[in-house]
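Step one of this worksheet: look at the structure below.
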Amino acid sequence: MDDQNKNLIIATALSFVVILIWFVLFPPPETEMTDPAPAVTEESTVPSVPAPGGVAEVPGAAPGTTPATEEAAATSAENAARIMIETARLSGSISALGGRIDTLALKDYRESLDEGAPIVSLLKPVGQPGAYYALYGWAAGQGLSAEEVPGPNTEWQTTPGATLTEDSPVTLTWDNGKGLVFRREIAVDRDYMFTITQKVTNSGEATVTMAPYGILARHGEPADLKNFFVLHEGVVAMADGELSEVDYSDMTDFDLDPREGAQAEVTQVAGNGWIGFTDHYWMTTLIPTPGEAFKSAAKYDARRDIYQTETVLPTRSVAPGAEVTATTQLFAGAKEWETIREYQTAGVEGFLDSIDWGWFFFITKPMFAVLHWLNQLIGNMGWAIIALTFLIKALLFPLAYKSYSSMAKMRELQPEMEKLKERAGDDRQKMQQEMMALYKKEKVNPASGCLPILLQIPIFFSLYKVIFVTLELRHAPWIGWIRDLSAPDPSSLYNLWGLLPWAAPEPGSIMALIFIGILPLLLGISMWLQQRLNPAPTDPTQQMIFAWMPWVFMFMLGSFASGLVVYWIANNTITFTQQYLIMRSHGYKPNVFGNIKSSIKRKKTGDAAGK
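Residue numbering for the sequence shown follows my numbering, starting at 585 and increasing by one per position.
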């Protein structure tokens, strides 16, 4: 058996073993249930936060989720006054009911590549399917009842005609009629960060206590939930340098917390953290002021099917004649790497980790940073992926050179190996001993050819993660028909790749898998040509395995993102060139066309023998 082919088979087997061992030894970290911790401040107790949903909380409505209360909630939200949000990148509105930021769309992104496709809608008010919103308020402490502080259904006073822009914040006001005046100023920057400043002035005669809070509420699971193992969707939180991720399905398994009135997981954050919901490409995050302690919670209200995250700041005491201020931030927008990195630089600790980099984060994070830089330099993500492939192959070239050099030496030893086989006969133990002695004498490592292939495994997985998860690959065009590198090749053999006047099969269907596109076909050809650098093995079983391998991979990877297939084609092409040149430098000229002809003749001979 040809030693290079033996190395390839060993490397393939080792690849699966490495993957299996990785999953056994390093399973996904399980989120530990955190017992509800004591109050954020030792001298006072954090009041409980009211439930956010617009169903059971409608004034005068009895608890429960009934059609009548749902209709009342939707009517209240629909009839409330609104403040418009209009920036270069956002459009939406703030409801005077509860001061909820409950309508938000991302102007730079559309739901699909179809002409006239609507822009992406992130937040939706109560009464619409998939209601999703942010609200703020004060939880009542000593000397106050729940009706004396603003909550989810407070009717705030707004300035008629006011519009929230990058340059003009807006202010909401509410007077409880008992000496407390609450003000909420909302500002937004040029991207996706809102700043919410809550103030309360006490003109009464007694000191009162209350705790400012922020809530993100989501009615039901997202309609476009992917539920794909590569991608995390659900709660993402940072607490004093510790990142945690909880899927929606895991939130329903939280223990019932009597103090929270729902299934909850509560964490006390000492000084730096944030919590929110992350989707495939979009995110909402509550961000208290860095350095300030707060209570972070993820909850699931099974009665109303509401998922929520919240932050509760330490209790404030407001003396007569005094004013208290609490400032927090809200990120609501696209998970753009550069934008999130700027916010992290500005003080939001670990914010880049809100992007799901996966277990190979030590590879994926720098890999994407380089890919992003190349994309800015070249101006096209497809060519940036090819340039990244060249860089990766350049970094691995010393190992590749050593590997291919070892293969060349192994080829020089073939005559000696044949003599050993003749001398050893059927004594396999003797054969192995003499082979190892020969390798030692000639300073050849037969396993060295496996290392470059094994190193490709984490690189391949990391690039797959980067292409699938990062927003920058979404709807990123390359050439001609490739308009979205995060999606499979849309061309199909079914209509001769667009030459025939009928549509290609639906993506994800069996027909689409069978009638592959141009890129998967090029992938199979590139793998097949790489094999032809060496003569086919003489063993019939090995011949069959090697003959089928390129085409099996072609169909397996045909449904993968186009960007990943582009990488694999470029990788195969560069590997072919490297191996050919290194073999030539060691005095061996690969007979590619001769190997192709001999494989075809061998196939014809086998077919004739079968008849």
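Just so it is clear, CB atoms sit at the ideal spot from N, CA and C, and this is done for glycine as well.
Asked: Given Thr781 as reference, the closest of Glu817, Gly683, Ser989 and Ala665 once Cα atoms are compared; Found: Gly683
Asked: Test item: CB-CB of Tyr832 and Glu805 under 7 Å; Found: yes
Asked: Given Ile669 as reference, the closest of Tyr720, Lys1027, Ser752 and Val896 once Cα atoms are compared; Found: Ser752
Asked: The stretch 868-883 touching the stretch 913-925, judged by at least three CB pairs closer than 8 Å; Found: yes
Asked: CA-to-CA distance, Trp740 to Gln712, given in whole angstroms; Found: 22 Å
Asked: Beta carbon of Ala930 nearer than 7 Å to that of His803; Found: no
Asked: Residues that Gly833 bridges to, as DSSP identifies them; Found: The residue asked about is misnamed: residue 833 is Ser in this sequence, not Gly. Bridge partners of Ser833: none, in fact.
Asked: Cα-Cα separation between Val733 and Asn760, rounded to whole angstroms; Found: 7 Å
Asked: Euclidean distance between Cα positions of Tyr1151 and Gly1101; Found: 16 Å
Asked: The alpha helix (DSSP H) enclosing Asn964, as first and last residue numbers; Found: Asn964 -> no alpha helix (DSSP H), and no H or E assigned at all.
Asked: Residues of its chain near Trp866, where Cβ-Cβ distance is below 8 Å and the 5 sequence neighbours each way are ignored; Found: Leu690, Val704, Leu706, Gly917, Ala918 and Lys919
Asked: Exposure of Arg774, with buried meaning 16 or more beta-carbon neighbours within 10 Å; Found: exposed
Asked: Local conformation of Trp1135 per DSSP, three classes; Found: helix
Asked: The beta strand (DSSP E) enclosing Gln892, as first and last residue numbers; Found: Ile890 to Val896
Asked: Per DSSP, the bridge partner or partners of Val772; Found: Phe778
Asked: Proximity winner among Met951, Thr743 and Ala790, relative to Lys1049 (alpha-carbon distances); Found: Met951
Asked: Burial state of Met965 (16 or more Cβ within 10 Å); Found: buried
Asked: Boundaries (first-last residue) of the beta strand (DSSP E) holding Lys1005; Found: Note, Lys1005: premise wrong, no beta strand (DSSP E); alpha helix (DSSP H) at Gln998 to Ala1008.
Asked: Backbone secondary structure at Thr929 - three-state DSSP; Found: helix
Asked: According to DSSP, residues forming a beta bridge with Gly798; Found: Tyr720 and Thr895
Asked: Separation of Thr687 from Leu697, as counted between CA atoms; Found: 23 Å
Asked: Near the ligand NAP: Asp863 beta-carbon under 6 Å from a heavy atom; Found: This structure simply doesn't include the ligand NAP, nor any ligand for that matter.
Asked: Among Leu728, Pro744 and Arg666, the one whose alpha carbon lies nearest that of Pro709; Found: Arg666
Asked: Straight-line Cα distance separating Val902 from Thr629; Found: Residue placement at Thr629 is poorly supported in this model, since its pLDDT is 40, which falls under 50; the coordinates still yield a value, given next. If you take the alpha carbons of Thr629 and Val902, they lie about 15 Å apart.
Asked: CA-to-CA distance, Pro874 to Glu926, given in whole angstroms; Found: 15 Å
Asked: Contact under 7 Å by Cβ, Ala790 with Gly727; Found: yes
Asked: Three CB pairs or more closer than 8 Å across the stretch 936-946 and the stretch 875-886; Found: no
Asked: Reduced DSSP secondary structure (H/G/I, E/B, other) of Tyr1151; Found: helix
Asked: Same chain, Cβ closer than 7 Å to Glu627, neighbours up to 5 away in sequence not counted; Found: Since pLDDT at Glu627 reaches only 31, below the 50 mark, its modelled position is unreliable, and the value read off the structure follows with that caveat. Correct list: empty, nothing qualifies.
Asked: Nearest-angstrom Cα separation, counted from Lys1024 out to Lys1003; Found: 17 Å
Asked: Straight-line Cα distance separating Phe974 from Tyr985; Found: 15 Å
Asked: Beta-carbon proximity of Ser1075 to Thr948, cut-off 7 Å; Found: no
Asked: CA nearest to the CA of Pro744, picked from Trp1132, Glu699 and Ile678; Found: Ile678
Asked: Environment of Asp1073 [buried if 16+ CB atoms lie within 10 Å]; Found: buried
Asked: Sub-7 Å separation of Val853 and Phe813 beta-carbons; Found: no
Asked: Terminal residues of the alpha helix (DSSP H) in which Gln1115 lies; Found: Ile1102 to Gln1115
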